[in-house]
Amino acid sequence: MAAHVVGGIGTSHVPAVGAAIDHHKHDDPYWAPFFDKIQPAREWMAEAQPDVCIVVFNDHASAFSLDVIPTFAIGVGDCFEPADEGYGPRDVPAAEGHPELAWHLAESLILDEFDMTIVNQMPIDHGATVPLSVVYGEPSAWPCKVIPLCVNVIQYPAPTGNRCYQLGKALRRALDAWPGDERVVVLGTGGMSHQLQGERAGLINVDFDIAFMDQMVRDPEAQALVGHTEYLRDAGSEGIELVMWMVMRGAMDTKAREVYRMNHVPTSNTSNGLIILEND
Ligand code: DHB
Ligand code: FE
1 MAAHVVGGIG TSHVPAVGAA IDHHKHDDPY WAPFFDKIQP AREWMAEAQP DVCIVVFNDH
61 ASAFSLDVIP TFAIGVGDCF EPADEGYGPR DVPAAEGHPE LAWHLAESLI LDEFDMTIVN
121 QMPIDHGATV PLSVVYGEPS AWPCKVIPLC VNVIQYPAPT GNRCYQLGKA LRRALDAWPG
181 DERVVVLGTG GMSHQLQGER AGLINVDFDI AFMDQMVRDP EAQALVGHTE YLRDAGSEGI
241 ELVMWMVMRG AMDTKAREVY RMNHVPTSNT SNGLIILEND
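Note that the sequence shown ends on residue 280 in the numbering used here; no numbers are left out.
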């Protein structure tokens, strides 16, 4: 048996989207077009019915302060509460973990020479809770178990796109070796182009975002070799979050099919994108 990786989703994790969902802004003229564009993702998730979502995201100094900055971390706990990011925790369900599978992944990844930090307890911030809200809406409990996988893209130096892509491949090897038969969706979150600080604050580059999606799907090996300087120059300082989509891509078949994508501007300061890939 093996865990069945039914799909991969790349999605932005904009905090204002979480606030718009929590405050029922679906019909607000600013938000309505965005919510129309994520509806197909909700329908796809309802159909895919994953037992487990592996959510790849960067902690934004919520669980890890600048005292300790793991490059890659995996949550092996049985429950992850929403983090208080300054306005109180979002009113969303806590995420139920999958300790057995998460420990298997940790063991497999580390023996495969990816030196994961093992996290028993952590709150999860908008990096993880917003993508769950995007794909599930507002259920009273998340319909799947959640394994958080954190990547440091906050403090220089972040891992390379290629390292993230290779981590995704190692993740897939680990899932293929799992003796259970869970249906798994891998979410790579963050991006797309945005810069929240400094002289270029507000930068958005939709041409880059579309080209990123195209190459990430069709030629992930080439996309993996795109360097930090290119992301920073073309997608802004926070555009580097897109390396986390490469973890998702690595976990998918090389020939994975694109079944949906959307781009939307504006949502807060970020060029918002979402893509869904399916394995055969
Ligand atoms: C925004 C986007 C992010 O990815 C983030 O982590 C924080 C803020 C934004 O667009 O406002
Ligand atoms: Fe972010």
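No residue lacks a Cβ here, since even glycine has one placed at the ideal position from N, Cα and C.
Count the other C-beta atoms from every protein chain shown that fall within 10 angstroms of the C-beta of residue i, then say buried if there are 16 or more, exposed otherwise.
i	result
residue 1	exposed
residue 253	exposed
residue 155	exposed
residue 46	exposed
residue 281	Because the chain spans 1 through 280 in this model, residue 281 falls outside it and cannot be assessed.
residue 12	buried
residue 111	exposed
residue 24	exposed
residue 179	exposed
residue 274	buried
residue 138	exposed
residue 120	exposed
residue 157	exposed
Cβ of residue i versus every heavy atom of the ligand DHB: is any distance shorter than 7 Å?
i	result
residue 205	no
residue 196	yes
residue 269	yes
residue 15	yes
So, under 8 Å CB-CB, residue i and residue j are touching, yes? Tell me the CB distance rounded to an integer number of Å.
i	j	result
residue 75	residue 147	6 Å
residue 108	residue 174	3 Å
residue 260	residue 50	No, residue 260 and residue 50 are not in contact; Cβ-Cβ is about 16 Å, not under 8 Å.
residue 145	residue 97	6 Å
Inset, instruction - Pair every Cβ in the segment 212-220 with every Cβ in the segment 178-186, then say whether three or more of these pairs are closer than 8 Å. - result: no
Inset, instruction - Using the beta-carbon of each residue, find all residues closer than 7 Å to any heavy atom of the ligand FE and list them in chain order. - result: 13, 58, 60, 127, 190, 238, 241
Inset, instruction - Examine the Cβ distances between the segment 192-199 and the segment 226-238 and report whether three or more of them are shorter than 8 Å. - result: yes
Inset, instruction - Would you check if the segment 202-212 and the segment 67-82 touch, i.e. whether three or more CB-CB distances between them fall below 8 Å? - result: no
Inset, instruction - Mind the definition here: the segment 8-23 touches the segment 104-120 only if three or more C-beta pairs lie below 8 Å; say whether that holds. - result: no
Legend entry - Stretch-stretch touch, CB-based, cutoff 8 Å, three pairs: the segment 123-136 with the segment 160-168: no
Inset, instruction - Examine the Cβ distances between the segment 21-38 and the segment 258-267 and report whether three or more of them are shorter than 8 Å. - result: yes
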